[in-house]
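First residue of the sequence shown: 114, per the working numbering; consecutive thereafter. Note that CB positions come from ideal geometry on N, CA and C, so glycine has one too.
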Amino acid sequence: MTVRILLIDDHPVVRTGLRAVLDAESDLEVVGEADCGRHAISLAHRVRPDVVLTDLLLPDIDGVTVTQRIRAELP
């Protein structure tokens, strides 16, 4: 089974590094990347990830709130 991952971080270099590490694993698939909370929530609805890897400090909505909203909206 492949685990579908959504990366959320406002720093492109961090997302690129995480993607490189995760892409090396055959059972992990990065299905999307977002640079802010609003985009992340919208994207989560489209890609339906199994796991969300979130930065806590985002420019618009903090990572805890983003995670709570995604969990509530996509149980």
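Consult DSSP for Glu186 and reduce its assignment to one of helix, strand or coil. Helix, per DSSP.
Those residues which DSSP pairs with Gly150 across a bridge: According to DSSP, Gly150 bridges with nothing at all.
Taking 8 Å as the threshold (C-beta atoms), are Arg132 and Val116 in contact? Contact flag unset, no.
Under a three-way DSSP split, which group does Arg161 fall into? Three-state result, Arg161: coil.
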